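Asker:
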Amino acid sequence: MTKLWSRSLTFSLVLYSFASAPLFAQAPAGPLPNDPAATASNSQAGIILGTVTDINDSPVPGATVSLRGSDPGDVRSVTTNEGGFFEIRDVEPGRPYEVSINAAGFAQWDSPAVTLEPGQSKILDVSKLRIEEVETSVKVTPESSDEIAIEQVKAAEKQRVFGIIPGFYAVYDPNPAPLNLKLRMSLALKLSRDPFTLAGVAVLAGVGQATNHPAYVQGLKGYGERFAANYANSVSAFMFDGVIIPSILHQDPRYFYKGTGSTKSRVLHALGSLLIAKGDNGRWQPNYSSVGGDLAAAGISNLYYPKSSRGIGLVLQGFAINSAIHVGVRLMDEFFFRPSGASQTVNH
Numbered sequence: 000m001t002k003l004w005s006r007s008l009t010f011s012l013v014l015y016s017f018a019s020a021p022l023f024a025q026a027p028a029g030p031l032p033n034d035p036a037a038t039a040s041n042s043q044a045g046i047i048l049g050t051v052t053d054i055n056d057s058p059v060p061g062a063t064v065s066l067r068g069s070d071p072g073d074v075r076s077v078t079t080n081e082g083g084f085f086e087i088r089d090v091e092p093g094r095p096y097e098v099s100i101n102a103a104g105f106a107q108w109d110s111p112a113v114t115l116e117p118g119q120s121k122i123l124d125v126s127k128l129r130i131e132e133v134e135t136s137v138k139v140t141p142e143s144s145d146e147i148a149i150e151q152v153k154a155a156e157k158q159r160v161f162g163i164i165p166g167f168y169a170v171y172d173p174n175p176a177p178l179n180l181k182l183r184m185s186l187a188l189k190l191s192r193d194p195f196t197l198a199g200v201a202v203l204a205g206v207g208q209a210t211n212h213p214a215y216v217q218g219l220k221g222y223g224e225r226f227a228a229n230y231a232n233s234v235s236a237f238m239f240d241g242v243i244i245p246s247i248l249h250q251d252p253r254y255f256y257k258g259t260g261s262t263k264s265r266v267l268h269a270l271g272s273l274l275i276a277k278g279d280n281g282r283w284q285p286n287y288s289s290v291g292g293d294l295a296a297a298g299i300s301n302l303y304y305p306k307s308s309r310g311i312g313l314v315l316q317g318f319a320i321n322s323a324i325h326v327g328v329r330l331m332d333e334f335f336f337r338p339s340g341a342s343q344t345v346n347h
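See below:
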């Protein structure tokens, strides 16, 4: 019995060996754990590493670092850590690779071709990552002519020759925006209330008191009447020269600075401004506003002078005084005041 069982076991083992032989023949032979060939292959691979920083030398975390080989599918990516550091291992030596880095808010960084030697560790210099240039389109809506004129008048109302004499009507821009009725009135009223205007009227009243012309009574009452008459004459001139007639004829009552040329040419320019004005259309034309305004103001002032002093002579005298004041102020605007950065131009 024992002998029979032993023969059966031997026969089974033989059958099992024949059945298993094809399976063993088909199974690939893997490297052993300490296979020298496998160790040598791993030691040949290279490493690409580096630290990504911005223009302030601060690390850029979360940036995507992509390694691209010559084959379209040969792409690997890693992400920088909190310190901006990245490391790509097992890079095949002898093959060209390109490294690109993308981070939110920064322009893409691309390396030149990188080819590693066997076992080489290559450190990439990825400093000064540039901020991404964002192309934007801005639609600028031009200001209206009135808005531009308002800003120009605000600046003009601060102009003073020697810091005292108003230069509100001097223009240092060769092509200013035309004035509307409201702005003309604003300039005239501001000049009428200006302390320098009141002081000038007081001086003229004193001269009239000393010369007894016009023939008001002497004393405080006469001085007050002369002051009122001279002030009414000045305000009338401001209104007719700067508001009423220019608005009707569409002329600009302001003085246009010349700034270039000889002294003589600039003096002639200031004198000629009494006869030549710029229209609201930008063209030069006869200055009906200044001539007509000064005549109208002198004619109206003649009505409230004493009867003994009325007449055409006083009207012409008032016209001459108004015109002389205009010339004097414009000469000072031309030669003694010029805002910083004002354009120089020859007006005519």
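In numbering that gives the first Met the number 0, the protein residues as written are 0 to 347. Ideal Cβ placement from N, Cα and C applies to all residues, glycine included. Everything numeric in this text was worked out from a predicted model, so none of it was measured.
Identify which residue in 144, 92, 277 has its Cα closest to the Cα of residue 256.
Answerer: Ranking the options by Cα distance to residue 256, first place goes to 277.
Asker: Roughly how many whole angstroms lie between the Cα atoms of residue 168 and residue 56?
Answerer: Approximately 56 Å, taken between the alpha carbons.
Asker: For the region 284-300 against the region 316-336, are there 3 or more C-beta pairs whose distance is under 8 Å?
Answerer: Touching, per the Cβ criterion.
Asker: Could you give the DSSP three-state label for residue 319: helix, strand or coil?
Answerer: Residue 319 falls in the helix class under three-state DSSP.
Asker: Which residues in the same chain as residue 67 place their Cβ atom closer than 6 Å to its Cβ, once the five residues preceding and following it in sequence are excluded?
Answerer: Counting only Cβ-Cβ distances below 6 Å, and skipping sequence neighbours, we find 74, 97.
Asker: Give the list of continuous beta strand (DSSP E) stretches no shorter than 3 residues that lie fully inside the region 44-132.
Answerer: DSSP runs (the beta strand (DSSP E)) wholly in the region 44-132: 45-53, 63-67, 74-78, 84-90, 95-101, 120-128.
Asker: Excluding five sequence neighbours on each side, which residues of the same chain lie with their C-beta closer than 8 Å to the C-beta of residue 88?
Answerer: Contacts found: 44, 46.
Asker: Going by C-alpha to C-alpha distance, which of 93, 50, 236 sits closest to residue 108?
Answerer: The candidate whose alpha carbon is nearest that of residue 108 is 50.
Asker: To which residues of the same chain is residue 163 closer than 7 Å at the C-beta, ignoring the five residues directly before and after it?
Answerer: So the list reads 195, once near-sequence residues are dropped.
Asker: According to DSSP, what are the bridge partners of residue 165?
Answerer: Residue 165 is bridged to 159.
Asker: To the nearest angstrom, report how far apart residue 26 and residue 123 are at their CA atoms.
Answerer: Caution is warranted here: a pLDDT of 39 is assigned to residue 26, below 50, making its placement in the model unreliable, and no coordinate value can be reported.
Asker: Give the single residue among 240, 143, 155, 220 whose Cα lies nearest to the Cα of residue 171.
Answerer: Of the listed residues, the one whose Cα sits closest to residue 171 is 155.
Asker: Can you tell me whether residue 333 is buried or exposed? The criterion is at least 16 other CB atoms within 10 Å of its CB, across all chains shown.
Answerer: Result: buried.
Asker: Just checking, does the region 227-243 make contact with the region 142-150 on the three C-beta pairs under 8 Å criterion?
Answerer: They do not touch, by the three-pair rule.
Asker: What are the boundary residues of the alpha helix (DSSP H) that residue 277 is part of?
Answerer: Per DSSP, residue 277 belongs to no alpha helix (DSSP H); it is in the beta strand (DSSP E), 275-278.
Asker: Output the boundary residues of the beta strand (DSSP E) element that contains residue 284.
Answerer: Residue 284 -> beta strand (DSSP E) spans 283-285.
Asker: Should residue 116 and residue 95 be called a contact, given that it needs their Cβ atoms to be closer than 8 Å?
Answerer: No; because the gap between Cβ atoms is not below 8 Å, this pair is not in contact.
Asker: Select from 145, 113, 100, 111 the residue whose C-alpha is nearest the C-alpha of residue 129.
Answerer: The shortest C-alpha separation from residue 129 is found at 100.
Asker: Identify whether residue 250 lies in helix, strand or coil by the three-state DSSP scheme.
Answerer: It is a strand residue.
Asker: Comparing C-alpha positions only, which one of 330, 105, 183 sits nearest to residue 262?
Answerer: The option with the nearest alpha carbon to residue 262 is 330.
Asker: Once you ignore the five residues that flank residue 114 on each side, which residues in its own chain have a CB closer than 6 Å to its CB?
Answerer: For residue 114, where only same-chain residues beyond five positions count, the Cβ hits under 6 Å are 95.
Asker: Report the rounded CA-to-CA distance for residue 303 versus residue 230, giving the unit in angstroms.
Answerer: In a straight line, the C-alpha of residue 303 is about 12 Å away from that of residue 230.
Asker: Just to confirm my understanding: we take residue 118, look at its own chain, exclude 5 residues before and 5 after, and list those with CB closer than 8 Å. What are they?
Answerer: So the list reads 42, 43, 44, 45, 92, once near-sequence residues are dropped.
Asker: How would you write the range of the alpha helix (DSSP H) that residue 310 sits in, first residue to last?
Answerer: That residue, residue 310, is in no alpha helix (DSSP H); it is neither H nor E in DSSP.
Asker: To the nearest angstrom, how far is it from the Cα of residue 64 to the Cα of residue 85?
Answerer: Distance between the alpha carbons of residue 64 and residue 85 is about 8 Å.
Asker: Leaving out the 5 sequence neighbours to the left and right, which residues in its chain are closer than 8 Å to residue 29 when beta-carbon positions are compared?
Answerer: For residue 29, the predicted structure reports a pLDDT of 44, less than 50, and the residue's modelled location is therefore unreliable. A value from the coordinates is still provided. Counting only Cβ-Cβ distances below 8 Å, and skipping sequence neighbours, we find nothing.
Asker: Can you tell me where the alpha helix (DSSP H) with residue 194 in it begins and where it stops?
Answerer: Element bounds for residue 194: 194-210.
Asker: When DSSP labels each residue in this structure, what does residue 334 get in the three-state scheme?
Answerer: Residue state, collapsed to three classes: helix.
Asker: What is the DSSP secondary structure of residue 170, counted as helix, strand or coil?
Answerer: Looking at residue 170 - three-state DSSP - the assignment turns out to be strand.
Asker: If I measure Cβ to Cβ from residue 268 and keep anything under 6 Å in the same chain, skipping five residues before and after, which residues do I get?
Answerer: Same-chain partners within the cutoff: 257.
Asker: Classify residue 235 as helix, strand or coil using the three-state DSSP reduction.
Answerer: Of the three classes helix, strand and coil, the one that applies to residue 235 here is helix, per DSSP.
Asker: Tell me residue 226's beta-bridge partners as DSSP assigns them.
Answerer: Beta-bridge pairing links residue 226 to no other residue.
Asker: When burial is assigned at 16 or more other CB atoms within 10 Å of the CB, is residue 250 buried or exposed?
Answerer: Buried, because 16 or more other Cβ atoms sit within 10 Å of the Cβ of residue 250.
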